[in-house]
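Enquirer: Mind having a look at this structure? Questions to follow.
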Amino acid sequence: MHWADNFAEEVIKRNKEEFIVESGITPSGIVHVGNAREIFTQYFVYESLKKLGKKARFLYIWDDFDRFRKVPKGVDKKFEAYIGMPVSKVPDPWGCHESYADHFKSKLVEELKKLKVDAEFISATELYEKCTFAENIKIALEKNEKIKEILNKFRKEPLEEDWLPIRVYCEKCLKDTTKLKYLGNYELKYTCDCGHENKIDFREKGIVKLKWRVDWPSRWQYYGVDFESSGKDHKSYGGSWDTAVLISKEIFNYEPPIGPMYEHIFLKGQKGKMSSSEGNVATLSDLLEIFELAIVRFLYTQRINKAIFVPFDMDVYNIYNEFDKIEKIYYAMEKGTEEDRRRYELVRMENYKKCPQRISFSELTFLVQFLPKENFSEKISEILEQRDVKMSEKDLELAELRAEKVRNWIEKYAPEDVKIKLSTEKIPLSEAEKEIIKEISSVLKKDLSTEDLQHELFRISKKHGKAIFKISYKILIGKPQGPKLAYLIDAIGRKKVIERFKEF
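Structure representation (structure tokens):
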């Protein structure tokens, strides 16, 4: 059984009519592939709940009412003037969205839409400005001493005497540079460093926000959250998960959600975890340039207690091969486990009537370098027919889509030894070698399938030695080795190869 199904089984023991799965992030920087692990962990459990016939909602809460803490790399230092405001109130430095928060939110929404991740996006700014959590704010303020006691258990230095579980954004300057006094019931007074002060009723003024360690469990209680996984940073001893569990139970009288820990995601070869502020990140859009939609989803089906290393190098081949294998397992073309089948079911973008015939990423790597982009499907079809392989229109369409990913990979990430182009260099050959080339040319004029051509090439090599392959590769691509020679010849085109051999 896949881990998503195990957690869904655990969730339904909570015995409710509708189950709530929640995730969220502060849109204060690029939402990267590491952040996406949380999203997909929640999403797959949500999908598993629905498969079990249960009503479920997947809430994605933008913590856009969090304060703007620092100016990231690449942003004008004048934005320091906005530090202390909610990120939803800070202008977009790039001028393309209504706010700093919207700039990062819009990108992820677009990416998840492509990946068919069905989530309800909710803005914390809108919730707080509507005074949605007024009752929980009152509870937290009334039980402030108990909250401090919980938090102090895990602190070296106790919280200040006048600490409160809220922050207030000034109505005049919009910053949280405020000193607060709780007056009881729903009233408090604040004085801001900008000189403004006011007495407010927080049922009517949406400028009060619970601090993170209290906000999280408050949200669990308000929405009735049943499942929310989190990363190692939250799950460290005394971290926000530990305190949220205690505050949920002891302050808001709510049984915390099931919340497993997931491991980090790394870019292969990277030291340390990804960080938006450091700029060492990859986005889902970066993955979508070289991975098919289903394969991006597939990456996140790995066991959650296992770190994921996202490759942009030759290991891309392995990811594609693994996906192609579980697709065959799902359609009973190969033997595999129930977990393999379930992984495919969770990530597929379309329910095919039969298993697609896939052209491997590695084979496409050299085919796209020789076949014209304009009529690629037609040329692929011709090459496959020479191998006695017939592909449906749908299979050719899938090959075309994969070829586009291959082209992107070659252009941006492929090592130089993978890049192949037809050589025009004149190389010296002995008379014996020229005779071998002539013999190969005569074979190329015969009406042979690709496989039969390969057999003929091996027959010639038995007579003249394996050097015939090295000579052919040097003439055709300027390298001593390459893909299977018959496949390479048919990718280039037999007539074109014969013309090249005539030069010698």
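Those letters in the sequence shown? Residues 2 to 505, by the working numbering. Cβ coordinates follow ideal geometry from the N, Cα and C atoms, glycine included. Source: prediction; values computed, not measured.
1. Run the CB neighbour count on Ser-231, radius 10 Å, all protein chains shown included, and call it buried at 16 or more, exposed below.
2. Roughly how many angstroms lie between the CA atoms of Gly-207 and Ala-135, to the nearest whole one?
3. Are the CB atoms of Tyr-238 and Phe-155 nearer to each other than 9 Å?
4. Give every residue of the same chain whose Cβ lies closer than 7 Å to the Cβ of Asp-119, excluding the five residues on either side of it in the sequence, and list them in chain order.
5. Helix, strand or coil for Ser-100 per DSSP?
6. Just to confirm my understanding: we take Gln-370, look at its own chain, exclude 5 residues before and 5 after, and list those with CB closer than 6 Å. What are they?
7. Is Arg-168 helix, strand or coil when you go by DSSP?
8. Around the C-beta of Pro-257, are 16 or more other C-beta atoms found within 10 angstroms, so that it is buried, or is it exposed?
9. Contact defined as beta carbons within less than 8 Å: I believe Thr-302 pairs with Val-348. What is the distance between those atoms, to the nearest angstrom?
10. Report back the beta-carbon spacing between Ile-309 and Tyr-414 to the nearest angstrom; my notes put them in contact at under 8 Å.
11. Between the C-alpha atoms of Cys-132 and Asn-145, what's the straight-line distance to the nearest angstrom?
12. Compute the Euclidean distance between the alpha carbons of Ser-462 and Ser-442, then round it to the nearest angstrom.
13. Using alpha carbons as the reference points, say which of Leu-402, Phe-362, Cys-171, Ser-361 lies closest to Ser-378.
14. Do you know offhand how far Lys-14's Cα is from Val-22's?
15. Please classify Asp-202: does DSSP put it in a helix, a strand, or coil?
16. Following the continuous alpha helix (DSSP H) through Glu-150, name the residue where it begins and the one where it ends.
17. On the premise that Ala-492 lies in contact with Phe-367, defined as a C-beta separation below 8 Å, what is that separation, rounded to the nearest angstrom?
18. So which of Ile-469, Tyr-183, Val-169 has the shortest CA-CA distance to Ser-431?
19. List the DSSP bridge partners of Thr-302.
20. Taking only three categories from DSSP, how would you classify Lys-435?
21. Just to confirm before moving on: does the CB-CB distance between Asp-64 and Ile-40 stay below 9 Å?
22. I believe Leu-458 touches Leu-477 by the beta-carbon criterion, under 8 Å. Please report the beta-carbon distance rounded to the nearest angstrom.
23. Look at the alpha carbon of Ile-259 and the alpha carbon of Val-311, and state the distance between them as a whole number of angstroms.
24. Assign Met-2 to buried or exposed, taking buried as 16 or more other Cβ atoms, counted over all protein chains shown, within 10 Å of its Cβ.
25. Among Lys-427, Ser-424, Ser-361, Gly-225, which has the Cα closest to the Cα of Asp-396?
26. One question on the structure: do Pro-94 and Arg-68 come within less than 9 Å of each other, judged by their Cβ atoms?
27. Give me the DSSP bridge partner(s) of Gly-25.
28. My assumption, with CB atoms under 8 Å, is that Pro-166 sits in contact with Ile-148. Please give the rounded CB distance.
29. Could you tell me the alpha carbon to alpha carbon distance between Val-12 and Asn-186, rounded to whole angstroms?
Expert: Quick answer:
1. Around the beta carbon of Ser-231, a 10 Å sphere encloses 16 or more other beta carbons of the protein chains shown; the residue is thus reported as buried.
2. The alpha-carbon atoms of Gly-207 and Ala-135 are separated by roughly 9 Å.
3. When the beta-carbon positions are compared, Tyr-238 and Phe-155 come within less than 9 Å of each other.
4. Correct list, in chain order: Phe-59.
5. In the three-state scheme derived from DSSP, where H, G and I count as helix and E and B as strand, Ser-100 is classed as coil.
6. Here the set comprises Ile-421.
7. Of the three classes helix, strand and coil, the one that applies to Arg-168 here is strand, per DSSP.
8. Classification for Pro-257: buried.
9. Correct: roughly 6 Å between the Cβ atoms.
10. About 18 Å; that fails the 8 Å criterion.
11. About 19 Å.
12. Taking the CA atoms as reference points, Ser-462 sits about 14 Å from Ser-442.
13. Ranking Leu-402, Phe-362, Cys-171, Ser-361 by CA distance to the CA of Ser-378 puts Leu-402 first.
14. A straight-line Cα-Cα distance of about 14 Å links Lys-14 and Val-22.
15. The three-state reading of DSSP puts Asp-202 in strand, counting E and B together.
16. For Glu-150, the enclosing alpha helix (DSSP H) has its first and last residue at 145 to 153.
17. The beta-carbon distance between Phe-367 and Ala-492, rounded to whole angstroms, is 6 Å. This is short enough to meet the 8 Å contact definition.
18. Cα-wise, what sits closest to Ser-431 is Ile-469.
19. In the DSSP assignment, Thr-302 is bridged to no other residue.
20. Three-state result, Lys-435: helix.
21. Contact flag unset, no.
22. About 13 Å separates the two Cβ atoms, so there is no contact after all.
23. A direct Cα-to-Cα measurement between Ile-259 and Val-311 gives close to 27 Å.
24. Flag for Met-2 reads exposed.
25. Measuring C-alpha to C-alpha distances from Asp-396 to each of Lys-427, Ser-424, Ser-361, Gly-225 identifies Ser-361 as the nearest.
26. Cβ distance not < 9 Å, so Pro-94 and Arg-68 don't count as in contact.
27. In DSSP, Gly-25 forms a bridge with Ile-62.
28. Rounded, the Cβ-Cβ distance is 5 Å, consistent with contact.
29. Just so you know, the alpha carbons of Val-12 and Asn-186 end up roughly 36 Å apart.
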